[in-house]
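K.L.:
Provided herewith is a single structure, encoded as structure tokens, for subsequent inquiry.
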Amino acid sequence: MSYPLFHPACSRSPAKDLSAEQFAEEFPAESESIEFKESVPLDQIAKTAVAFSNTDGGVILLGVSDTGQIKGLSLSSDKETDIHNRLAPVGGLGDYRIHRLRVEGRDVAAIGVDRVRDGFAQLSNGQVVERRGASNHTLMGSQLADFMARRFVRAPETAATEASADQIDHDLALQLAAAWEWNIAGEQDLLMQRLRDNAFLIAAGHDERLSVAGALYLMADPGQVLGKAYVEVFRYRGDGLDYDRRAEFRGPLPEQVRSAAAFVLDELGFDMTVVGVDRHELHRLPRTALREAIANAVAHRSYAATGEAVRIEMRPDRVVVRSPGALPGGVTLADIADRSVPRNVLVIRTLRFFGVAEDAGRGVDLMQRHMALNFMAPPHFESRRRIGDSHAAPRFGGDSRRTRADREDAGSRGRGVDSAAFCRRARTDRSRRARDKPTGCDALAARRQRNNAHQRAGAGTARSRRPRKPDGTPTPSRSQPARTARHRLGDSL
């Protein structure tokens, strides 16, 4: 991820002068790592500093309005002393430093706060605060219990594997360093130290071994030491046990997520719809929702289950992404969208730095939001218990209606997967081979048009090709009841 100026993890040198444009580009708005304060509210500064310490660090800018306008603030030595005195009783606070900056001739102060690596920070009154988005949240009850569990329960991801430091792929190590924004300046010793500091490399007696997380990101094939630490995709023609295609996706974790998502989307094909004179290509499942489901599966799975891979099943009316291992303690299917108890914090955090996963606790919301934006029903979560184990899986369902041509042309690209059934097929344009993407096409309008077309077709309007009785009503169809049942499974929002 990219850290703002003055953040302790930012590799760039702190600036002393910025233009208004440079400031706006560097600090566009309040966020998970940026907070604006127009004056010097000591209590709010302390609360934000604790929140940054308990998350990923951040920068508090004094002399800036909530909207990012430069108001200016002259930070006297007495005021700076007041800030130090207010932060002194804060327990476990991350390292911080106060910087002075001029923007278009006006003074601004920046407080860079580092994250806490061991333990946690809390205010002098005992409150524990965490940063979420652009807000500070005081943790209580189950949220506080979840936070403590993440901080103090040793995660299996930091356990040592049989892989030695000699098995580190140097190119993958450099990619990891770039994702974490480590300023190593090409120095191998510094790189190795960063791997140790962040639990990718673990001391094991007199030797050093890759941790589970280290193997997942630093080995070309983590399966060499972690068993089935990869993604399997199965394509089925029906609800039976026999599949007609199987694919494996190995490699470091980011590659697994990207490759598996691309494969599934390619198998599902796409719909074409027309807006005005433009044609628009729409995936049958939102790329972001699918990618997030796969990223969550590989990040939150149990890597102790070495004999099982993350499994993606593509069936005529659904796609299911199965992750080995039970739901984390305290999480149920009813509150899975509201609680964040990641099994592998380091794994999911690193996926986020690579840009292939959302922050902890936001993945389910992102899937639901992108399904809604594409006029599709939200994913359904299920937990399937088996002897000695269980699986938690998001299930994407949809309209499985197919034309005779679709069934006959099952081998052609874009039609070859019966489970390409996540959104209404636009009756206005059946082409699945058109590749041109005209500029200026309104994607939202295209989705709406496709959705409306399918609703009209499903309602039996004049667009329907079913024969009609003399009174104008459609004649009965023996296949209609089953078709309607499938239609309801993935009904649009």
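Residue numbers (the numbering used here): 18 to 510.
Glycine included, every Cβ here is placed at the ideal spot set by N, Cα and C.
Small disclaimer: the values here were computed from a predicted structure and weren't measured.
1) So, is residue 98 buried or exposed, given that buried needs 16 or more other C-beta atoms within 10 angstroms?
2) Which same chain residues end up closer than 8 Å to residue 238 when comparing Cβ atoms and leaving out the 5 residues on each side of it in sequence?
3) So, with DSSP's three-state summary, where would you put residue 446?
4) CA-CA distance, residue 71 and residue 146?
5) In this structure, what does DSSP give as the bridge partners for residue 54?
6) What is the DSSP secondary structure of residue 128, reduced to helix, strand or coil?
7) At 3 residues or longer, and completely inside the segment 151-197: list those beta strand (DSSP E) runs for me, N to C.
8) Is DSSP giving residue 39 helix, strand or coil here?
9) May I ask you to list the residues that DSSP assigns as paired with residue 224?
10) Quick one: residues in its chain with C-beta nearer than 8 Å to the C-beta of residue 136, no 5 flanking neighbours on either side, listed in chain order?
11) Taking the beta carbon of residue 303 as the centre, do at least 16 other beta carbons fall within 10 Å, making it buried, or is it exposed?
12) Of all the options 57, 335, 323, 316, which has the alpha carbon lying nearest to the alpha carbon of residue 396?
13) Under the three-state reduction of DSSP, which class applies to residue 250: helix, strand or coil?
14) Could you have a look at residue 231 and say whether DSSP puts it in helix, strand or coil?
15) Where do the N-terminal and C-terminal ends of the beta strand (DSSP E) with residue 337 fall, by residue?
16) Which residues bound the beta strand (DSSP E) around residue 87?
17) Starting from residue 204, trace the alpha helix (DSSP H) both ways and give me its first and last residue.
18) Give the straight-line distance between the Cα atoms of residue 157 and residue 24, rounded to the nearest whole angstrom.
19) Measuring alpha carbon to alpha carbon, tell me which residue in 331, 363, 54 is nearest residue 278.
20) Can you tell me the Cα-Cα spacing of residue 368 and residue 333, whole angstroms?
21) If we ignore side chains and look at the alpha-carbon of each, how far apart do residue 284 and residue 176 end up?
22) Of all the options 105, 117, 298, 160, which has the alpha carbon lying nearest to the alpha carbon of residue 140?
23) Is there contact here, the segment 245-257 with the segment 315-332, by at least three beta-carbon pairs under 8 Å?
24) Quick one, are the C-beta atoms of residue 76 and residue 129 less than 8 Å apart?
25) Under a Cβ-count criterion, where at least 16 other Cβ atoms within 10 Å of its own Cβ denotes burial, should residue 384 be classed as buried or exposed?
26) Between the beta-carbon of residue 60 and the beta-carbon of residue 89, is there less than 8 Å?
27) Touching or not, the segment 227-244 and the segment 183-190, by the rule of three or more beta carbon pairs under 8 Å?
28) Find out if the Cβ-Cβ distance for the pair residue 314, residue 340 is shorter than 8 Å.
29) Would you check if the distance between the CB atom of residue 153 and the CB atom of residue 64 is smaller than 8 Å?
30) Spatial neighbours of residue 242 within its chain, please: C-beta separation below 6 Å, excluding the five flanking residues on both sides.
31) May I have the straight-line CA-CA distance separating residue 297 from residue 308, to the nearest angstrom?
32) CA-CA distance, residue 292 and residue 286?
33) State the Cα-Cα distance for the pair residue 420 and residue 257, rounded to the nearest angstrom.
34) Kindly indicate which three-state DSSP category residue 398 falls into: helix, strand or coil?
P.N.:
On the basis of the supplied data:
1) Residue 98 comes out exposed.
2) 267, 268, listed in sequence order.
3) In this prediction, residue 446 has a pLDDT of 33, which is less than 50 and means its spatial position is unreliable; what the coordinates show is noted afterwards. Residue 446 falls in the coil class under three-state DSSP.
4) In this structure, the CA atom of residue 71 is about 7 Å from the CA atom of residue 146.
5) DSSP output for residue 54 lists 79 as bridge partner(s).
6) Strand.
7) As far as the segment 151-197 is concerned, its whole beta strand (DSSP E) runs of at least 3 residues are 152-155, 177-181.
8) For residue 39, the secondary structure class from DSSP, reduced to helix, strand or coil, is helix.
9) Residue pairing for residue 224: DSSP places it in a beta bridge opposite 221.
10) So the list reads 109, 168, once near-sequence residues are dropped.
11) With 16 or more Cβ atoms within 10 Å of its Cβ, residue 303 is classed as buried.
12) The residue with the shortest Cα to Cα distance from residue 396 is 335.
13) Here residue 250 sits in strand by DSSP.
14) Helix.
15) Segment 335-341, the beta strand (DSSP E) holding residue 337.
16) For residue 87, there is no enclosing beta strand (DSSP E), as DSSP gives it neither H nor E.
17) Per DSSP, residue 204 belongs to no alpha helix (DSSP H) and is neither H nor E.
18) One alpha carbon belongs to residue 157, the other to residue 24, and they sit about 28 Å apart.
19) Among 331, 363, 54, the Cα nearest to that of residue 278 belongs to 331.
20) Here the alpha carbon of residue 368 sits roughly 30 Å from the alpha carbon of residue 333.
21) The straight-line gap separating the alpha-carbon atoms of residue 284 and residue 176 is approximately 37 Å.
22) If we check each option's Cα against that of residue 140, 105 comes out closest.
23) Yes, the segment 245-257 is in contact with the segment 315-332.
24) Their beta carbons are under 8 Å apart, which means residue 76 touches residue 129 by this criterion.
25) Residue 384 is classed as buried because its beta carbon has at least 16 other beta carbons within 10 Å across all chains shown.
26) Not a contact, by the Cβ cut-off of 8 Å.
27) Counting C-beta pairs closer than 8 Å gives three or more between the segment 227-244 and the segment 183-190, which meets the contact rule.
28) In contact: residue 314 and residue 340 (Cβ atoms closer than 8 Å).
29) Between residue 153 and residue 64, the C-beta spacing is below 8 Å.
30) Cβ neighbours of residue 242 beyond the five flanking positions: 178, 179, 180, 232.
31) Cα to Cα, residue 297 sits roughly 21 Å from residue 308.
32) Answer to the nearest angstrom: the Cα atoms are 20 Å apart.
33) Any answer about residue 420 is weak, because its pLDDT of 27 lies below 50 and its placement is not dependable; what the coordinates show is given next. One C-alpha to the other measures close to 22 Å.
34) Of the three classes helix, strand and coil, the one that applies to residue 398 here is strand, per DSSP.
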